[in-house]
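S.K.: I'd like to ask some things about the structure below.
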Amino acid sequence: MSPAAGIAEVAQAPAAPFSLRTLLGRLNPRLIVKRTFQILGALVLVYTTLVIGLMVAYRWVDPPMSALMLGQRLSGTQVSQTWMPLDRISPNLQLAVILSEDGRFCTHHGVDWGELKEAVAQSLDGFGARGGSTISMQTVKNLFLWPSKSYVRKAVEIPLAMGTEKIWPKERMLEIYLNIAEWGPGIFGAEAAARYHFGKSAATLTAREASLLAVSLPNPFDRQAGHPGPGTQRLADNIQNRMRRVPNAAACGKPGRPPNRQGVADSRWP
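Okay, structure coming up:
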């Protein structure tokens, strides 16, 4: 056989058949795991850096939108929101929301450990009535996290809320919360909620209107503040009674005012 013929035979030899098993045999499982963790670690680092940067910026800059608002816009829902400074939001609403959602807002540092412990205990017992989230936790959830309920998300909420409380004063936390809270289909913030449900500005909300908006926050789609059912009205009655008994519960929401140390034990339910 001539050298040329040998070369031709080699060139015409069929290639080894490709298969998934062959590919997997060439891969190093340890290397795959290592690279996967490296990529996940890099993503977590980028996300954490972004969130910390936004937390610092939002101390002075109003958030253009929240993660929840962005998700609704991407899904095709029309979003209505008009940013209002805290001094243009009725004190009635500020007080009603604190008493309804987070009675110890002025005294905790982002997490109400007693309320959270009670919520976990009820969840383990099969009762899911209490969420255990403070206004601070709800704010960082709406701004930075995904809406679905899970223990993973709750675990992320806690350090974010505590970190944000180190950067924002209480009045800024309350201002941002009241401007990004969801009050209906595509309705975000106190101003849009007041106009949608009552046809008026958030600055002129009465105590009754404020209490109806406050108690609708846990589920604004079932609890219609503008057309409340008997259950929603009873909850609003309870909040109005609390507003008369504890009028200074929102004192920390005013610039330069010290926290109200009276505390409001278990303010969310009768």
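Position one of the sequence shown corresponds to residue -14 (our numbering), numbered consecutively onward. Using N, Cα and C, we set each Cβ at its ideal position, and we do this for glycine too. Keep in mind that this is a model prediction, so the values were computed, not measured.
(1) In chain order, which continuous runs of the alpha helix (DSSP H) of length 4 or greater are located wholly inside the stretch 109 to 188?
(2) Alpha carbon to alpha carbon, how far is glycine 169 from asparagine 233? Give it in angstroms, no decimals.
(3) Have a look at glutamate 86 and leucine 53 and give me their C-alpha separation to the nearest angstrom.
(4) Taking DSSP as the reference, what is the three-state secondary structure of serine 85?
(5) Could you name each continuous alpha helix (DSSP H) segment of 4 residues or more that falls completely within the stretch 33 to 69, going from the start of the chain to the end?
(6) If you run the structure through DSSP and keep just helix, strand and coil, what is valine 96?
(7) With cysteine 91 and lysine 134 assumed to form a contact (beta carbons below 8 Å), what rounded beta-carbon distance in angstroms separates them?
(8) Using a Cβ-Cβ cutoff of less than 7 Å, which residues in the same chain neighbour proline 205 once the five nearest sequence positions on both sides are dropped?
(9) Between the alpha carbons of valine 18 and isoleucine 143, how many angstroms are there, rounded?
(10) Please report the residue range of the alpha helix (DSSP H) in which leucine 197 lies.
(11) Shortest alpha-carbon distance to alanine 235 belongs to which of Pro132, Asp72, Gly216?
(12) Distance check for isoleucine 152 and arginine 44, CA to CA, integer angstroms please.
(13) What does the alpha-carbon distance come out to for the pair glutamine 209 and leucine 197?
(14) First and last residue of the alpha helix (DSSP H) that includes arginine 227?
(15) How is lysine 19 classed by DSSP in three states: helix, strand or coil?
(16) Out of Gly171, Ala140, Lys126, Arg180, which has the shortest C-alpha to C-alpha gap to arginine 58?
(17) Would you check whether the ligand SAH has a heavy atom nearer than 6 Å to the C-beta of isoleucine 224?
(18) Residues in its own chain within less than 6 Å of methionine 40 by CB, not counting five upstream and five downstream?
(19) For aspartate 97 and asparagine 13, I'd like the C-alpha separation in whole angstroms.
(20) Should arginine 89 go down as buried or exposed, given a rule of 16 or more other Cβ atoms within 10 Å for buried?
(21) Roughly how many whole angstroms lie between the Cα atoms of glycine 99 and arginine 230?
(22) Please identify the residue among Leu202, Leu84, Arg219 whose C-alpha is closest to the C-alpha of alanine 178.
(23) Just the C-alpha distance for glycine 174 and tryptophan 68, rounded to the nearest angstrom, thanks.
(24) My output table needs one value for glutamine 209: the three-state DSSP class, helix, strand or coil.
M.R.: The relevant details are as follows:
(1) 120 to 129, 136 to 152, 155 to 165, 175 to 183
(2) The residue given as residue 233 occupies position 248 in the sequence shown. The residue given as residue 169 occupies position 184 in the sequence shown. Taking the straight line from one Cα to the other gives about 28 Å.
(3) The count along the sequence shown starts at 1 and reaches residue 86 at position 101. The count along the sequence shown starts at 1 and reaches residue 53 at position 68. The alpha-carbon atoms of glutamate 86 and leucine 53 are separated by roughly 19 Å.
(4) The residue labelled residue 85 in the question sits at position 100 within the sequence shown. Serine 85: helix per DSSP, three-state reduction.
(5) 52 to 59
(6) Position 111 of the sequence shown, counted from the first residue, corresponds to residue 96. Three-state DSSP puts valine 96 in coil, outside helix and strand.
(7) The residue labelled residue 91 in the question sits at position 106 within the sequence shown. The residue labelled residue 134 in the question sits at position 149 within the sequence shown. Not really, about 26 Å apart at Cβ, beyond 8 Å.
(8) Here residue 205 corresponds to residue number 220 of the sequence shown, with the count starting at 1. Closer than 7 Å at Cβ, skipping near neighbours: Glu167, Trp168, Gly169.
(9) Here the question's residue 18 lines up with position 33 in the sequence shown. Here the question's residue 143 lines up with position 158 in the sequence shown. Each residue's Cα considered, the two are about 29 Å apart.
(10) Position 212 of the sequence shown holds residue 197. Counting along the chain, the alpha helix (DSSP H) containing leucine 197 begins and ends at 192 to 201.
(11) Numbered from 1 along the sequence shown, position 250 holds the residue referred to as residue 235. Checked all of Pro132, Asp72, Gly216; the closest Cα to alanine 235 is Asp72.
(12) Along the sequence shown, one-based indexing puts residue 44 at 59. Along the sequence shown, one-based indexing puts residue 152 at 167. Using only the alpha carbons, I get a separation of about 7 Å.
(13) Counting from 1 along the sequence shown, the entry for residue 209 is found at position 224. Counting from 1 along the sequence shown, the entry for residue 197 is found at position 212. Distance between the alpha carbons of glutamine 209 and leucine 197: 8 Å.
(14) Counting from 1 along the sequence shown, the entry for residue 227 is found at position 242. Taken as a continuous stretch (DSSP letters only), the alpha helix (DSSP H) holding arginine 227 covers 215 to 230.
(15) Looking up residue 19 in the sequence shown gives position 34. Lysine 19: helix per DSSP, three-state reduction.
(16) Position 73 of the sequence shown, counted from the start, is the residue given in the question as residue 58. Arginine 58 has its Cα closest to that of Gly171, out of Gly171, Ala140, Lys126, Arg180.
(17) The model on display carries no ligand, and the ligand SAH is accordingly not part of it.
(18) In the sequence shown, residue 40 corresponds to position 55, counting from 1. Correct list, in chain order: Thr149, Ile152.
(19) The sequence position of residue 97 within the sequence shown is 112, counting from 1. The sequence position of residue 13 within the sequence shown is 28, counting from 1. Approximately 47 Å between the Cα atoms of the pair.
(20) Residue 89 sits at position 104 when you count from the first residue of the sequence shown. By the neighbour-count rule (16 or more Cβ atoms within 10 Å), arginine 89 is buried.
(21) Residue mapping note: residue 99 aligns to position 114 of the sequence shown, counting from 1. Residue mapping note: residue 230 aligns to position 245 of the sequence shown, counting from 1. Rounded to the nearest angstrom, the two C-alpha atoms are 22 Å apart.
(22) Within the sequence shown, residue 178 is the residue found at index 193, counting from 1. Per the Cα distances, Leu202.
(23) What you label residue 174 is simply residue 189 of the sequence shown in a count that begins at 1. What you label residue 68 is simply residue 83 of the sequence shown in a count that begins at 1. Between glycine 174 and tryptophan 68, the C-alpha separation is close to 7 Å.
(24) Residue numbering aside, residue 209 sits at position 224 when the sequence shown is read from its first letter. Glutamine 209: coil per DSSP, three-state reduction.
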